[in-house]
Amino acid sequence: MRFLNRKLTKRITVLLFTILSFAFSGFSLHEQDIHLQGDRNDNQQAQRKNLPEGSGFSSTNVKQDAGEMPVYGHWKSFTKKDGLPADKAFCVRIDGDRVLVGTSAGLAVYEDGKWHTYTTEDGLAYNSILSIDVSELTGDVWIGTMGGLTRWSAGSFYTFTQFNSGLANDVIYSVICDGKDVWVATAGGAGHYDTYADQWEIYMQNNAPMHEPWTYGVCAGGGKIFIAAWGGGVIEYNTSTKKFRDYVDPDGQMELDVFPDDGLVHDITTGVSWADGVLWVGTYFGLSWYDGAHWKGYFDKDSGLLSNFINFVKADGQVGWICTDKGLSSFDGKTWVNYQKNENHDGGKVLVTHGKDTKTYPSPTSFANNFILGVDFQGDEIWVATSKGVSRGERIK
Amino acid sequence: MKTILKWLMFSFLLLFPVFQLTGQEKKKNYGNTPDEIVPYKRFQKAYLNFFDTIQPFTGPGREKAPPANLSEVRIGFLGPLAGSVMVPQGKQMLNGAALAIEEANKGGGYHGIPFKLMVHNDVGLWGAAANKVVEMNDEGVWAFLGTIDGTNSHVALRMTLKLEIPMINTGDPDPTLTETRIPWLIRVISDDRQSSYALAEYIYHIKGLSRAAVVRVDNRYGRVGITEFREASLRMGHPLVLEVRYAEGDTVFTKQIQRITDASPDAIVLWGNAKEAGVLIKQIRAAGIKLPIFGSDRLMSPELLKIAGKDAEGLVTTCQYNPKLDDPKLKAFQKHYYDRFGIEPDVFAAHAYDGMNIIIAAIRKAGLNRYRIRDALTDMKTFQGYHGVTGKIIFDPSWNDIGSIWMTEVRDGKYIFFHSPLDTLVVK
Numbered sequence: 004m005r006f007l008n009r010k011l012t013k014r015i016t017v018l019l020f021t022i023l024s025f026a027f028s029g030f031s032l033h034e035q036d037i038h039l040q041g042d043r044n045d046n047q048q049a050q051r052k053n054l055p056e057g058s059g060f061s062s063t064n065v066k067q068d069a070g071e072m073p074v075y076g077h078w079k080s081f082t083k084k085d086g087l088p089a090d091k092a093f094c095v096r097i098d099g100d101r102v103l104v105g106t107s108a109g110l111a112v113y114e115d116g117k118w119h120t121y122t123t124e125d126g127l128a129y130n131s132i133l134s135i136d137v138s139e140l141t142g143d144v145w146i147g148t149m150g151g152l153t154r155w156s157a158g159s160f161y162t163f164t165q166f167n168s169g170l171a172n173d174v175i176y177s178v179i180c181d182g183k184d185v186w187v188a189t190a191g192g193a194g195h196y197d198t199y200a201d202q203w204e205i206y207m208q209n210n211a212p213m214h215e216p217w218t219y220g221v222c223a224g225g226g227k228i229f230i231a232a233w234g235g236g237v238i239e240y241n242t243s244t245k246k247f248r249d250y251v252d253p254d255g256q257m258e259l260d261v262f263p264d265d266g267l268v269h270d271i272t273t274g275v276s277w278a279d280g281v282l283w284v285g286t287y288f289g290l291s292w293y294d295g296a297h298w299k300g301y302f303d304k305d306s307g308l309l310s311n312f313i314n315f316v317k318a319d320g321q322v323g324w325i326c327t328d329k330g331l332s333s334f335d336g337k338t339w340v341n342y343q344k345n346e347n348h349d350g351g352k353v354l355v356t357h358g359k360d361t362k363t364y365p366s367p368t369s370f371a372n373n374f375i376l377g378v379d380f381q382g383d384e385i386w387v388a389t390s391k392g393v394s395r396g397e398r399i400k
Numbered sequence: 130m131k132t133i134l135k136w137l138m139f140s141f142l143l144l145f146p147v148f149q150l151t152g153q154e155k156k157k158n159y160g161n162t163p164d165e166i167v168p169y170k171r172f173q174k175a176y177l178n179f180f181d182t183i184q185p186f187t188g189p190g191r192e193k194a195p196p197a198n199l200s201e202v203r204i205g206f207l208g209p210l211a212g213s214v215m216v217p218q219g220k221q222m223l224n225g226a227a228l229a230i231e232e233a234n235k236g237g238g239y240h241g242i243p244f245k246l247m248v249h250n251d252v253g254l255w256g257a258a259a260n261k262v263v264e265m266n267d268e269g270v271w272a273f274l275g276t277i278d279g280t281n282s283h284v285a286l287r288m289t290l291k292l293e294i295p296m297i298n299t300g301d302p303d304p305t306l307t308e309t310r311i312p313w314l315i316r317v318i319s320d321d322r323q324s325s326y327a328l329a330e331y332i333y334h335i336k337g338l339s340r341a342a343v344v345r346v347d348n349r350y351g352r353v354g355i356t357e358f359r360e361a362s363l364r365m366g367h368p369l370v371l372e373v374r375y376a377e378g379d380t381v382f383t384k385q386i387q388r389i390t391d392a393s394p395d396a397i398v399l400w401g402n403a404k405e406a407g408v409l410i411k412q413i414r415a416a417g418i419k420l421p422i423f424g425s426d427r428l429m430s431p432e433l434l435k436i437a438g439k440d441a442e443g444l445v446t447t448c449q450y451n452p453k454l455d456d457p458k459l460k461a462f463q464k465h466y467y468d469r470f471g472i473e474p475d476v477f478a479a480h481a482y483d484g485m486n487i488i489i490a491a492i493r494k495a496g497l498n499r500y501r502i503r504d505a506l507t508d509m510k511t512f513q514g515y516h517g518v519t520g521k522i523i524f525d526p527s528w529n530d531i532g533s534i535w536m537t538e539v540r541d542g543k544y545i546f547f548h549s550p551l552d553t554l555v556v557k
């Protein structure tokens with residue numbers, strides 16, 4: 004009986020090991036099914052959940068960690084209480100010593116430490132301002148509003164609308180100046196205004212490789228104009244050859260991205276910016292980077308990017324500034340430096356990410372809100388437009 | 130014996146998670162996509178599925194106090210009311226929305242303050258929908274309902290994020306509308322993805338056909354609508370043998386019919402508005418083509434029956450709800466609607482009625498704060514499974530309505546409704 008029991012025990016043990024081997028192989032098979040590149044994501048996620056804290060907002064520590072990347076701190080915010088016409092700041096643009104802020108209730112101009120407001124009563128097309136640019140050629144300020152395009156020249160305001168010009172639509176999401184030319188991204192197509200010839204051209208699906216006429220952003224660089232076409236990716240216009248080409252998400256699907264580095268991460272593009280031969284593209288699904296030959300896709304799950312929901316992008320030299328709904332990200336291709344405000348007090352944190360390693364540095368000050376809509380630079384200062392005010396930070400040296 | 134028991138216990142504990150895994154509910158594919166037609170499934174796992182999670186709105190605004198001394202609570206309406214081929218549908222949509230407002234006001238409005246509909250036409254100047262949303266913002270609406278045309282819906286949608294106004298779409302089946310990730314929109318009508326999958330399943334699997342020819346209208350409804358059907362056909366192993374277009378308002382379809390004949394299909398699929406489709410069906414039959422004809426949701430229309438007459442017999446379409454259901458809520462709506470407007474409600478009226486009732490309920494729950502209204506609309510709890518006159522509304526993580534879609538067949542001059550084959554294929 005004892006012998007039988009021993010024999011039985013042995014057999015059951017062998018059987019159990021066999022079952023367990025199958026079970027474990029099932030687990031490993033299941034794991035293998037996950038995309039290889041997913042491994043780095045999981046590691047990244049884990050790293051970010053257990054962020055090793057830095058030793059306070061020491062400029063030495065942050066700067067050392069950030070390397071070549073610029074780091075900003077000593078934030079000061081301005082809201083309605085400080086003289087802004089509204090807390091909601093859609094955009095910010097530096098004009099020499101002046102800071103121009105487009106708010107939901109007019110244009111705010113910061114000069115000599117004081118805010119001045121301009122509204123429809125002064126000649127603005129509409130009080131909600133989505134975009135501002137300054138002509139290097141003339142110094143004119145071009146203001147894209149929700150009710151037309153305003154040119155502020157020599158102290159006078161002049162407005163272009165669908166009724167009095169070749170403007171495609173009165174909602175101007177983005178305006179830029181490129182020499183004598185002004186380009187706009189509107190709700191009804193992209194527009195080009197030749198200020199010398201006083202002539203407008205409209206580009207939409209009938210005369211450009213756009214899937215739809217809706218445009219969201221526009222930038223100039225390298226002899227080209229890049230248009231963020233909502234649902235149509237990025238449209239490139241060569242100013243020499245006058246020819247268009249488009250860049251879209253190669254997988255053709257709205258609900259997924261098959262490969263992150265095969266092209267645009269998504270066709271719903273929200274902003275474009277070009278500098279130093281690199282095009283940065285913001286979407287509500289992640290960030291795309293293009294150097295003219297290679298595309299790279301960045302997501303919050305596999306990089307330092309704070310959020311896939313990108314409101315605005317701005318390239319400044321080799322650094323891309325990404326305005327998200329969860330804070331401000333900056334990236335030079337190697338290092339991420341991110342800024343987030345603490346929801347419960349005026350302070351915040353700076354996160355520096357190299358590869359899979361992230362360090363967090365508490366900051367006693369931060370910007371007004373994490374919903375970032377615009378960014379620009381004035382010497383060693385950074386200005387950030389947020390949903391709850393505009394903020395200024397100083398570069399840490 | 131004790132050793133055996135210990136081993137058994139140990140093994141059971143180890144194996145338990147495996148049993149648990151296999152016992153878990155099968156994960157739904159995005160958009161209720163049948164397994165067979167999930168994009169790239171046979172070749173590559175997607176790096177990212179964007180709608181596995183819900184996009185939050187992280188901006189400020191929930192702290193804003195409600196305004197004092199309001200005399201009315203304004204809700205916007207955006208639809209084709211003049212200058213469009215969709216005006217009849219736009220007016221039905223307006224009627225449905227207006228009926229919901231009238232009933233809500235009879236029920237006390239918002240704490241005694243009446244609701245008021247701020248009505249806007251979405252056709253006019255190029256891109257007018259964006260300008261209209263700006264106007265509605267100036268009017269101080271708390272949310273708005275609209276619209277039918279895919280282009281106008283998209284143009285309006287982009288403004289909702291900038292202006293932070295909740296938007297409910299009840300008439301545009303363009304699948305891409307909710308795939309933009311703007312967390313200020315919900316849709317309470319099944320989209321063309323659901324229509325396409327239902328048609329593809331029915332044509333290829335139920336009817337056993339394999340060579341479909343598509344004739345579609347050359348506008349966004351036709352172009353975007355057919356995309357999912359084209360891709361589903363391909364993935365099922367039945368690439369379309371023909372896709373040919375016609376312009377809105379066309380009355381002669383000789384060229385398209387010749388192309389159909391040349392392609393030798395075994396099924397014809399029409400994607401367009403009822404008016405042109407009715408004429409097209411007549412001309413297809415007049416040419417002696419007896420192939421089965423299938424169509425998109427807009428072909429389920431009295432207008433089509435009137436134009437095509439007996440040639441419409443056998444036409445199979447999709448429809449976003451079943452007006453013949455024996456549902457007391459639906460019957461009451463149909464009676465009140467007829468009493469109020471003297472006509473039968475169509476699919477746009479019924480969905481607008483549901484959509485407006487959802488807006489009203491959200492305002493009543495959240496108070497006069499757009500951000501909180503948005504939260505109520507998108508929390509996936511308050512209105513998940515909402516039982517409206519159009520049936521049960523089920524939102525996916527993109528806030529798209531993936532509730533049941535129905536099918537119809539014209540028999541003896543009437544649309545006969547039946548369940549879509551998707552109902553048995555997908556996890557609801």
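Residue numbers (the numbering used here), protein chains in the order written: chain A, 4 to 400; chain B, 130 to 557. Positions of the beta carbon are idealized from the N, C-alpha and C atoms, including for glycine.
ask   = Is A/G382 helix, strand or coil by DSSP?
value = DSSP places A/G382 in coil when its eight states are reduced to three.
For A/E215, count the other beta carbons within 10 Å of its own beta carbon; 16 or more makes it buried, fewer makes it exposed. Which is it? If you draw a 10 Å sphere on the C-beta of A/E215, you find 16 or more other C-beta atoms in it, and that means buried.
* Where B/R75 sits in the DSSP three-state scheme -> The question about residue 75 of chain B has no answer, for chain B in this structure spans 130 to 557.
The ligand PLP and B/Y515: does any heavy atom of the ligand fall closer than 8 Å to the residue's C-beta? As presented, the structure is devoid of all ligands, the ligand PLP included, so that no description of it is given.
- Query: Can you find a CB in chain B that lies within less than 9 Å of the CB of A/S390?
  - Reply: Closer than 9 Å: yes.
State buried or exposed for A/F334, treating a residue as buried only when at least 16 other CB atoms are found within 10 Å of its CB. Classification for A/F334: buried.
**Prompt:** Taking Cβ-Cβ distances shorter than 8 Å, what residues in chain B pair up with A/Y287?
**Reply:** Listed along the chain, the chain B residues whose CB falls inside 8 Å of the CB of A/Y287 are Q184, T309, R310, I311.
**Asked** Is the Cβ of B/K156 closer than 9 Å to any Cβ of chain A?
**Response** Not one chain A Cβ lies under 9 Å of B/K156.
Less than 9 Å between the C-beta atoms of A/S366 and A/S80, yes or no? Remark: C-beta atoms of A/S366 and A/S80 do not approach each other more closely than 9 Å.
> Roughly how many whole angstroms lie between the Cα atoms of A/R43 and A/D328?
Replying inline: Here the model assigns A/R43 a pLDDT of 35, short of 50, so the residue's position is not dependable and the matter cannot be decided.
*asked:* For a test of the three-state rule: what should DSSP assign to B/L428, helix, strand or coil?
replied: Looking at B/L428 - three-state DSSP - the assignment turns out to be helix.
Open item on the list: Is the separation between the beta-carbon of B/G160 and that of B/I531 shorter than 9 Å?
Closed with: Contact: yes.
Once the 5 residues before and after B/K439 are set aside, which same chain residues still bring their CB inside 8 Å of it? Exclusion of the five residues before and after B/K439 leaves G542 as the residues of its chain whose Cβ lies within less than 8 Å of its Cβ.
Just verifying my parser: in three-state terms, what is the DSSP assignment at B/G520? In the three-state DSSP reduction, B/G520 falls in the strand class (E or B).
So, using beta-carbon positions, are B/S282 and B/D303 closer together than 9 Å?
-> Cβ atoms of B/S282 and B/D303: closer than 9 Å.
Report task. Just the C-alpha distance for B/F206 and B/F273, rounded to the nearest angstrom, thanks. Result -> If you take the alpha carbons of B/F206 and B/F273, they lie about 5 Å apart.
> When the cut-off is 9 Å and only beta carbons count, does B/V252 lie next to chain A?
Replying inline: Closer than 9 Å: no.
Original post:
Listing by chain order, which chain B residues have their CB less than 8 Å from the CB of A/D260?
Top reply: Against A/D260, the close residues of chain B are A175, Y176, L177, F179, in the order they occur along the chain (beta-carbon pairs closer than 8 Å).
Assign A/D136 to one of three DSSP states: helix, strand, or coil. Correct three-state label for A/D136: strand.
With 16 other CB atoms within 10 Å as the buried threshold, where does A/T389 fall? The residue is buried, with at least 16 neighbouring Cβ atoms inside 10 Å.
_Does any residue of chain A have a CB that is nearer than 9 Å to the CB of B/L369?_
Interface with chain A (9 Å Cβ-Cβ cutoff): B/L369 is excluded.
*What is the residue span of the beta strand (DSSP E) that B/V408 lies within?*
Not the beta strand (DSSP E): B/V408 falls in the alpha helix (DSSP H), residues 403-415.
Pair every Cβ in the segment 94-102 of chain A with every Cβ in the segment 365-383 of chain A, then say whether three or more of these pairs are closer than 8 Å. Verdict: yes, contact present.
Checklist entry - Below 9 Å between beta carbons: does that hold for A/D173 and B/N260? => result Cβ atoms of A/D173 and B/N260: closer than 9 Å.
Item to complete: Classify B/E165 as helix, strand or coil using the three-state DSSP reduction.
Response: Under the three-state reduction of DSSP, B/E165 is assigned to helix.
query = Between B/T187 and chain A, is there a C-beta pair that is closer than 9 Å?
reply = At least one C-beta of chain A is nearer than 9 Å to the C-beta of B/T187.
Quick one: does A/S131 have its CB under 9 Å from some CB of chain B?
For A/S131, the nearest beta carbon of chain B is closer than 9 Å to its own beta carbon.
Just tell me which of B/I277, B/P185, B/L199, B/A211 has its CA closest to the CA of B/P243.
Among B/I277, B/P185, B/L199, B/A211, the Cα nearest to that of B/P243 is on B/L199.
What in chain A is Cβ-close to B/Y333, meaning under 7 Å? Within chain A, no residue comes near B/Y333; the closest Cβ sits about 21 Å away, beyond 7 Å.
> Would a C-beta distance cut-off of 9 Å place A/V104 and A/W386 closer than the cut-off?
Replying inline: It is a contact, given that the beta carbons lie within the stated cut-off.
Could you work out which residue in A/G109, A/M72, A/S156, A/G192 is closest to A/D90 when comparing CA atoms only?
-> Measuring C-alpha to C-alpha distances from A/D90 to each of A/G109, A/M72, A/S156, A/G192 identifies A/G109 as the nearest.
Please tell me whether A/P253 has its Cβ less than 9 Å away from any Cβ of chain B.
It does not; no Cβ of chain B falls within 9 Å.
* To do: Evaluate the contact criterion for the segment 242-259 of chain A versus the segment 299-308 of chain A: three or more CB pairs, one atom per stretch, below 8 Å.
  => With the cut-off at 8 Å, the segment 242-259 of chain A and the segment 299-308 of chain A do not touch.
### Message
Any beta carbon of chain A sitting closer than 9 Å to that of B/T380?
### Response
Chain A contact via Cβ: absent.
Item checked: Buried or exposed by the 16-neighbour rule on C-beta atoms within 10 Å, applied to B/I472 -> Answer is exposed; the Cβ neighbour count stays below 16.
In chain A, which residues lie with their C-beta within 9 Å of the C-beta of B/G256? For a Cβ distance threshold of 9 Å, residue set Q165, A171, N172, D173, V174, T189, A190, G191, G192, P216, W217 of chain A lies close to B/G256, ordered along the chain.
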